[in-house]
Amino acid sequence: MSDEMDFEEGGTVKKFMFVNRKAPYGTIYALEGLEVVLISAAFDQDVSLAFVDDGVFQLVKGQKTDGVEMKNFSPTYRALEGYDIEKLYVDRESLEARGLTEDDLLVDVQVMSAAEMGDMMAQQDVLISF
Amino acid sequence: MKIAIMVNEGPYTHQATDSAYQFAKAAIAKGHEITRVFFYHDGVNNGTRLTVPPQDDRHIVNRWSEMGTQHNIDLVICIAAAQRRGLLDENEAKRQGKNADNIAPGFRISGLGQLVEAGIQSDRLVVFGD
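From first to last, the protein sequence lines stand for chains A and B. The numbering used here numbers the first residue of the first sequence as 1 and each following residue consecutively. The numbering used here numbers the first residue of the second sequence as 1 and each following residue consecutively.
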């Protein structure tokens, strides 16, 4: 399926941004959002991820999910680099409002202001929020 | 304009699916082409033919089916999201050893690549969700 589509596309590259707004385990949005991100890597697009509001919790180190009997999928964020997905943007105010700093996060990210995030979003061709 | 739509919430519980439908209807009336509607998260529940709403209410599933057939819109239900939530087409039911399938007419089950492809091929991808 994807082979056929890659062929048909003939090299169209769009800027895709996936905006993660929800905490990782309260709802399924974060997990299913990450599944879309991984698939997008197969299409050779210009992919970036934004983390805002409770979405910043998705990247917090040391997640333990045994108690809620859900799979800890946070290691997947570390694997994104292997898929050439390296643009991870985090909203500074969202971090600060939750008492977090860049050191609490499990991957290298670019922390930016809401205004900078807005500029980044304005540059995208496709913006999908979870 | 070629427009693709993503629906992320279930029918009757959330307005997202109604808004998506009304948007599609208005866009078609203005001469735009809706190329694909991709159903994700609980949005996959828009495609079960076992839906039986009260008679004095709108029939969300049938409404999509009719629009899809009438305007040649590709109605795609995400396979991974669908399997988690108990939606199977005939082939998947067979493959998973289940004795029933429940996909509504005009819908088909496929992968997340169809969403990314819609983003690449359309002029706009409009997301309806929470």
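Note that the Cβ used here is the ideal one computed from N, Cα and C, for glycine as well.
Within the continuous alpha helix (DSSP H) that includes M112/A, where are the two ends? Looking at the DSSP string, M112/A is not in any alpha helix (DSSP H); the run it does join, the beta strand (DSSP E), is 110 to 112.
Taking only the alpha-carbon atoms, compute the straight-line gap between Y89/A and A20/B and give it to the nearest angstrom. Those two C-alpha atoms are separated by around 29 angstroms.
Could you check whether the Cβ of I73/B sits closer than 7 angstroms to any heavy atom belonging to the ligand ADP? Of the ligands one can find in the structure shown there are none, so the ligand ADP has no counterpart to examine.
Given S129/A, which residues of its chain have a CB within under 7 angstroms of its CB, disregarding the five upstream and five downstream residues? V19, R21
Are three or more beta carbon pairs between the segment 96 to 105 of chain A and the segment 47 to 59 of chain A nearer than 8 angstroms? These segments touch.
For chain B, is any of its Cβ atoms less than 8 angstroms away from the one on S94/A? no
Report all residues from its chain with a CB closer than 6 angstroms to the CB of M1/B; omit the five preceding and five following residues, and keep chain order. Around M1/B: H32, D123.
Answer yes or no: do L112/B and A118/B have a C-beta to C-beta separation smaller than 8 angstroms? no
Whose Cβ in chain B lies nearer than 9 angstroms to the Cβ of S74/A? Correct list: empty, because the minimum Cβ distance to chain B is about 19 angstroms.
Who are the near neighbours of K64/A in its chain, counting only those whose CB is closer than 8 angstroms to its CB and skipping five residues on each side? N72
Look up E33/B in the DSSP assignment and give the residues it is bridged to. For E33/B, the pairing in a beta bridge is given by DSSP as K2/B.
Taking K14/A as the query, report the chain B residues whose CB atoms sit under 8 angstroms from its CB, ordered along the chain. G119, I120
8 angstroms Cβ cut-off: residues of chain A touching A81/B: E32
Assuming the contact rule is C-beta atoms closer than 8 angstroms, I109/B and I73/B should be a hit. Round their C-beta distance to whole Å, please. With 8 angstroms as the limit, I109/B and I73/B do not qualify as a contact, their Cβ atoms being about 16 angstroms apart.
Determine which residues share a DSSP beta bridge with M17/A and list them. S48/A, L127/A
8 angstroms is my cut-off, CB to CB: does L125/B come that close to chain A? yes
Buried versus exposed, by CB contacts within 10 Å (16 or more), D89/B: buried
Taking the beta carbon of A115/A as the centre, do at least 16 other beta carbons fall within 10 Å, making it buried, or is it exposed? exposed
Closest to M120/A by C-alpha separation, out of F51/A, K61/A, S94/A, would be which residue? Answer by Cα proximity: F51/A.
Can you give me the C-alpha to C-alpha distance between D104/A and P105/B, rounded to a whole angstrom? 48 angstroms
Using 8 angstroms as the limit for Cβ to Cβ distance, is M1/B near chain A? no
Any beta carbon from chain A within less than 8 angstroms of V44/B's own beta carbon? For V44/B, no Cβ of chain A is located within less than 8 angstroms of the residue's own Cβ.
If I measure Cβ to Cβ from R36/B and keep anything under 8 angstroms in the same chain, skipping five residues before and after, which residues do I get? The residues are A4, I5, I73, D74, L75, V76, Q114, A118, S122.
Identify the contact partners of S129/A in chain B, using a Cβ-Cβ distance below 8 angstroms as the criterion. V127, G129
Using three-state DSSP, classify I73/B as helix, strand or coil. Three-state result, I73/B: coil.
Could you tell me which residues DSSP pairs with I120/B in its beta bridges? Beta-bridge pairing links I120/B to no other residue.
Kindly indicate which three-state DSSP category I79/B falls into: helix, strand or coil? helix
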